[in-house]
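Asks: Chains as they are written, first to last, in the working numbering: chain A, 83 to 500; chain B, 30 to 203. Positions of the beta carbon are idealized from the N, C-alpha and C atoms, including for glycine. Fair warning: this is a prediction, and the values are worked out from it, not measured in the lab. Before I ask anything, let me first share the structure, which is written out below as C-alpha cells.
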C-alpha cells in the first residue's frame, strides 16, 4: 500500500524521489508469504546435549543444540540459544542462521566455560522463522533443558609443619575408619577375643606364650563445616563474587578433614539452609560439594540461626557437645562473633575459617571503575584493619584460620606474618 | 562479498555523495547513515544497517541523476540500496556464525555458506526482475504519453501479483 502511494505520488508530483517504491515493491513481492502460514505449519523440535554435564571451573564444555523441522520447509531461520547468566561462550557461536528443509535436523555446537562453581541451567532457545529476505518473521521459543554443574578445582596443598604452621585435623574421638594401627606401642598377653592378626608370632615363639601387639589408636573428630552463603556476607562486584572462594575454601577444608578420616557434616546458610549429615570418605566430599554448588546465596539464613539448626539437624553431636565446628565465611561479622561466643559457651570446639578476598575484591572494584586506585587502596587498608580486629575478637572463642586462594590455609599468626 | 567490504562500499558511497553534493540535507542524511552503519556494524544489528543504507537513497539518487537522468538515477539508486541493505543485513546475521572462532561448528559454517549462496541467487533474481521492469517500461513509454514510471508500476504490479499467488497457493495454479 505504501509502495503504491509512493508510485502514485511520484507520478502526480513528477518527482523522482518516490521511485524507490518500485524496487521496494518488487523486493517485498519477492519476499511475500513465507512465514505467513498457520502456526501449526512449523513443527520444530529442539533438544540439547552437553558433552559432560559436570565440569570444573574454566573447563570447556561442548553444548550441542539440535533443531529438527517436521513441518514445511523453512527458507531462512535464525536459532539463538539462551545462555544462562555466568556462562561464557569460549568458542563458536550461540546463533545459527540457515535454511531447513522438511525432515532435516540442524545442529549448533559451541563451547562454554563457567568462572565460578554453580549450577547453570539451560532452559530454552529462540527461533526466528524468516522469509527469504527476512522482511517477514515469526518468533517461537522452544524448550531445550539441560543442567551443567560446575565444580571448583580441588587444590591439595601440603600443610607445612614446624614453626610456620602446625595444625592437623586430628581430633579426640576414636575414628570409625581408623583401624587403630598407626603406631606400635607394646606387646601384651593374649586374651580371648583378640584378633588373630594382632598375634606377634615371633615373640610368642620366643616367650612360649601367646602375646599380641598393642597399637596406639588413631583419633578422629566429628566436625561440621558451616558455610556462610548469606548474600550480605558474599561481596559481589560486577561479575566477580566471593562465592567461588568460599566454596573452594570449604571444599579444601572438607577434603583435608575427610582425608584424615574424620567424620564431617556440612551446613550451608544460603537461599535455603542446606544440610549434609556427617559421614566419611570421598563420597561424602562429593555430596558436600554438590550441595555447595547448587545452593545459591540468600538473604534469610544467617549465623544467628546456627544454634537452632545444629540442635535440629545434628542432634547427637549437639547433645554431646563433642563436635567441632568450622565456620567458613568471607566476611567476619558481629553475628558470626556472637554465634561463636554462644556455641563455645555450650561446649563446642569452634574454628573460624576466614576467607580473605580483600585483595581480589579491590582488584575487581578498580577493574569495574567503581573506585580509583587510590580510593581502592585506602578502602583495602580500612577493610584489612576491620578484618584483623574481628580476627582478634574471634580468638577469644575459637581457633582462627585464614584462607587465601593462592596460599591456602594459615593459622592467624602465620597469616599475619605473611 | 562479506560484511566488511559491503560496509566499505556503503561508506564509499557516503564519502562520494558528501563530496559531490554538500548541501545541508544531504550531509545530514549521510551523517545519520554513517552513524547508523557504524552502530549496525559494531553491534551486528540488521535494522540499523538497513536504515543506514536507506538513508543513502536520496544522496545516491542525486549522485546518479547527473549521469543517467532523474528517473533512472533514482530507480538505480533504489535498486542499489535494496541490494546493498539486504546483503549487509544477511551478512550481519551470518557474522555471528562466520566470524566466530572456527573449529567447533563446521556444520553451522557450511549451512551459513549455503544460505549465503541461495540468498545471492535470490538477489540476482531480484536484479533481473528490476531490469525487466525497466526494460519493458522504456519501450512502452515511447508509445504512451504517460511517464515511464507508471508503466513500470503496472509491470511491477503484475510481477508482484504473480509472486504473491505463487507463494500462497501453488496448488491452485495449473
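Using the Cα positions of residue 266 (chain A) and residue 297 (chain A), report the straight-line distance between them to the nearest angstrom.
Replies: Cα-Cα distance, rounded: 5 Å.
Asks: Is DSSP giving residue 146 (chain A) helix, strand or coil here?
Replies: Residue 146 (chain A) falls in the strand class under three-state DSSP.
Asks: Under 8 Å, Cβ to Cβ, is there at least one residue of chain B near residue 189 (chain A)?
Replies: True, the Cβ-Cβ gap to chain B drops below 8 Å.
Asks: Rounded to a whole number of angstroms, what is the C-alpha to C-alpha distance between residue 123 (chain B) and residue 145 (chain B)?
Replies: Going by the C-alpha atoms only, they are around 8 Å apart.
Asks: Give me the DSSP bridge partner(s) of residue 306 (chain A).
Replies: Bridge partners of residue 306 (chain A): A:347 and A:407.
Asks: Could you name the residues of chain A that residue 126 (chain B) contacts, counting a contact when the two beta carbons are closer than 8 Å?
Replies: The contacting residues are 175, 177, 178 and 179.
Asks: Can you pull the chain A neighbours of residue 151 (chain B), defined as C-beta to C-beta under 8 Å?
Replies: In chain order: 112, 214 and 215.
Asks: In whole angstroms, what separates the C-alpha of residue 179 (chain A) from that of residue 160 (chain A)?
Replies: Near 4 Å, if we compare the C-alpha coordinates of residue 160 (chain A) and residue 179 (chain A).
Asks: Identify each residue in the segment 133-164 of chain B for which the Cβ-Cβ distance to at least one residue of chain A is less than 8 Å, and report them in chain order.
Replies: Answer in chain order: 133, 134, 136, 137, 140, 141, 143, 144, 147, 148, 151, 154, 155, 158, 159 and 162.
Asks: Give me the chain B residues within the contact set of residue 208 (chain A), using Cβ-Cβ distance strictly less than 7 Å, ordered along the chain.
Replies: Neighbours of residue 208 (chain A) on chain B: none; closest Cβ ~13 Å, over 7 Å.
Asks: Once the 5 residues before and after residue 484 (chain A) are set aside, which same chain residues still bring their CB inside 6 Å of it?
Replies: Same-chain partners within the cutoff: 436, 438, 492 and 497.
Asks: Do the segment 76-85 of chain B and the segment 172-187 of chain A touch if we need at least three Cβ pairs shorter than 8 Å?
Replies: Not touching, per the Cβ criterion.
Asks: Does the segment 303-316 of chain A come close enough to the segment 329-340 of chain A that 3 or more CB-CB pairs lie under 8 Å?
Replies: Output reads yes: the segment 303-316 of chain A touches the segment 329-340 of chain A.
Asks: Determine which residues share a DSSP beta bridge with residue 162 (chain A) and list them.
Replies: For residue 162 (chain A), which the question treats as bridged, DSSP gives the partners A:177 and A:208.
Asks: Which residues of chain A have a Cβ atom closer than 8 Å to the Cβ of residue 123 (chain B), listed in chain order?
Replies: By Cβ distance, chain A contributes 179.
Asks: Can we count residue 316 (chain A) as close to the ligand NAD, meaning its CB is less than 7 Å from some heavy atom?
Replies: As far as ligands go, the structure on display features none, and thus does not contain the ligand NAD.
Asks: Which partner residues does residue 192 (chain A) have in the DSSP bridge list?
Replies: A:145 and A:174.
Asks: Measuring only the C-alpha atoms, how far is residue 138 (chain A) from residue 232 (chain A)?
Replies: Rounded to the nearest angstrom, the two C-alpha atoms are 5 Å apart.
Asks: What are the boundary residues of the alpha helix (DSSP H) that residue 85 (chain B) is part of?
Replies: Per DSSP, residue 85 (chain B) belongs to no alpha helix (DSSP H) and is neither H nor E.
Asks: Any beta-carbon of chain E closer than 8 Å to the one on residue 226 (chain A)?
Replies: Of the protein chains in the structure, A and B, none is chain E.
Asks: Report the rounded CA-to-CA distance for residue 249 (chain A) versus residue 338 (chain A), giving the unit in angstroms.
Replies: Residue placement at residue 249 (chain A) is flagged as unreliable, the pLDDT there being 37, under the threshold of 50; the coordinate-derived value follows with that caveat. C-alpha separation (whole angstroms): 12 Å.
Asks: Write down the C-beta distance between residue 108 (chain B) and residue 105 (chain A) rounded to the nearest angstrom, noting that I regard them as a contact closer than 8 Å.
Replies: Indeed, because the Cβ distance is near 5 Å, the residues count as touching under 8 Å.
Asks: Pair every Cβ in the segment 269-279 of chain A with every Cβ in the segment 373-382 of chain A, then say whether three or more of these pairs are closer than 8 Å.
Replies: Result no; under three Cβ-Cβ pairs closer than 8 Å.
Asks: May I have the straight-line CA-CA distance separating residue 359 (chain A) from residue 198 (chain A), to the nearest angstrom?
Replies: Distance between the alpha carbons of residue 359 (chain A) and residue 198 (chain A): 25 Å.
Asks: When DSSP labels each residue in this structure, what does residue 202 (chain A) get in the three-state scheme?
Replies: Strand at residue 202 (chain A).
Asks: Can you find a C-beta in chain B that's less than 8 Å from the C-beta of residue 105 (chain A)?
Replies: With 8 Å as the cut-off, residue 105 (chain A) counts as an interface residue toward chain B.
Asks: Assign residue 140 (chain A) to one of two classes, buried (16 or more other C-beta atoms within 10 Å of its C-beta) or exposed (fewer than that).
Replies: Exposed, by the Cβ-count rule.
Asks: Three Cβ pairs or more, each shorter than 8 Å: is that satisfied between the segment 436-456 of chain A and the segment 310-327 of chain A?
Replies: Judged by Cβ distances under 8 Å, the segment 436-456 of chain A makes contact with the segment 310-327 of chain A, as three or more pairs qualify.
Asks: Thinking just about the alpha-carbon of each residue, which of B:152, B:95, B:52 and B:79 is nearest to the one in residue 64 (chain B)?
Replies: Minimum Cα distance to residue 64 (chain B) is reached at B:79.
Asks: When DSSP labels each residue in this structure, what does residue 434 (chain A) get in the three-state scheme?
Replies: In the structure shown, residue 434 (chain A) sits in a strand (DSSP, three-state: E or B).
Asks: Could you check what DSSP says for residue 374 (chain A) in three-state terms: helix, strand or coil?
Replies: Correct three-state label for residue 374 (chain A): helix.
Asks: Thinking just about the alpha-carbon of each residue, which of B:139, B:77 and B:104 is nearest to the one in residue 161 (chain B)?
Replies: For residue 161 (chain B), the nearest C-alpha among the options comes from B:104.
Asks: Would you please state the rounded distance, in angstroms, between the beta carbons of residue 36 (chain B) and residue 70 (chain B)? I believe it to be under 8 Å.
Replies: At roughly 5 Å, the Cβ-Cβ gap stays under 8 Å, so residue 36 (chain B) and residue 70 (chain B) are in contact.
Asks: In the DSSP assignment, find the alpha helix (DSSP H) that holds residue 427 (chain A) and state where it starts and stops.
Replies: Element bounds for residue 427 (chain A): 416-427.
Asks: Reducing DSSP to helix, strand and coil, say where residue 136 (chain B) ends up.
Replies: Of the three classes helix, strand and coil, the one that applies to residue 136 (chain B) here is helix, per DSSP.
Asks: Mind checking the segment 137-167 of chain A against chain B and listing, in chain order, the residues whose C-beta falls within less than 7 Å of any C-beta there?
Replies: So the list reads 158 and 160, given in the order they occur along the chain.
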